[in-house]
């Protein structure tokens, strides 16, 4: 996969009138229901836009928080997750993360650890929620103890994309968390990524991968 953050396509934002804009990314194994959850939440008229260069789908949503119009960009992996890792640009300037597993497939729960490790490498401070999807198959699963979320100090939501259980609640809370993070944080990684963007525009004709530049920037800052 390409690793240059400078290659992310820019979408026309002019038609979206908003006071604030936040980015929320989704992580998790294939077929855990990430896309279905978004479509359930945005069922009354969602607007997916395919960014084929990065094999992801961008869903746009507008809402109002504290009298401010907020534009939310939900990023869905759209197949990249089968490689068990994401391009660094996927995490770029994300304000929150929704991490999903399928309660009927234990391996998707076990893999949360690797997804969370990858997230914290690039976005060490953004809020993250853990989502246990497909509870409609067996409601008794909500009585089980999923220790991962508790161990990491993360909110856990039991949801169903099929019947809508807790979907709206989970997404609305995630949006509020993203807004709070954007307004109150001074994330070091934002500064790093801005520096990387500037470097990528200067390096030619074969810029190093974003991940390599990220390591270089960390070493430089620690001197």
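In the working numbering, the protein residues as written are 1388 to 1610. Ideal placement from N, C-alpha and C gives every residue a C-beta, glycine not left out. All values derive from a computational prediction rather than experimental measurement.
Could you give the DSSP three-state label for residue i: helix, strand or coil?
| i | result |
| --- | --- |
| residue 1528 | helix |
| residue 1555 | helix |
| residue 1519 | strand |
| residue 1452 | strand |
| residue 1429 | coil |
| residue 1461 | strand |
| residue 1480 | coil |
On the criterion of 16 or more Cβ atoms from any shown chain inside 10 Å, does residue i qualify as buried, or is it exposed?
| i | result |
| --- | --- |
| residue 1404 | exposed |
| residue 1531 | exposed |
| residue 1475 | buried |
| residue 1420 | buried |
| residue 1459 | buried |
| residue 1557 | buried |
| residue 1418 | exposed |
| residue 1495 | buried |
| residue 1534 | exposed |
| residue 1524 | exposed |
| residue 1472 | exposed |
| residue 1526 | exposed |
| residue 1440 | Interpretation of residue 1440 is limited by its pLDDT of 44, a score under 50 that renders its predicted location unreliable; no figure is taken from the coordinates. |
| residue 1569 | buried |
| residue 1511 | exposed |
| residue 1485 | buried |
Please determine, among the options, the residue with the shortest C-alpha to C-alpha distance to residue i.
| i | options | result |
| --- | --- | --- |
| residue 1546 | 1488, 1461, 1459, 1464 | 1488 |
| residue 1455 | 1420, 1566, 1572 | 1566 |
| residue 1414 | 1458, 1459, 1499 | 1499 |
| residue 1416 | 1501, 1427, 1549 | 1501 |
| residue 1427 | 1551, 1560, 1571 | 1551 |
| residue 1509 | 1486, 1479, 1483 | 1479 |
| residue 1447 | 1491, 1453, 1411, 1543 | 1411 |
| residue 1493 | 1542, 1423, 1521 | 1521 |
| residue 1481 | 1463, 1518, 1529 | 1463 |
For the alpha helix (DSSP H) containing residue i, list its first residue and its last residue.
| i | result |
| --- | --- |
| residue 1485 | Here residue 1485 belongs to no alpha helix (DSSP H); instead the beta strand (DSSP E) covers 1483–1489. |
| residue 1499 | 1499–1509 |
| residue 1407 | Premise fails: residue 1407 lies in the beta strand (DSSP E), 1407–1414, not in any alpha helix (DSSP H). |
| residue 1535 | 1534–1539 |
Note the first and the last residue of the continuous beta strand (DSSP E) segment covering residue i.
| i | result |
| --- | --- |
| residue 1545 | 1543–1545 |
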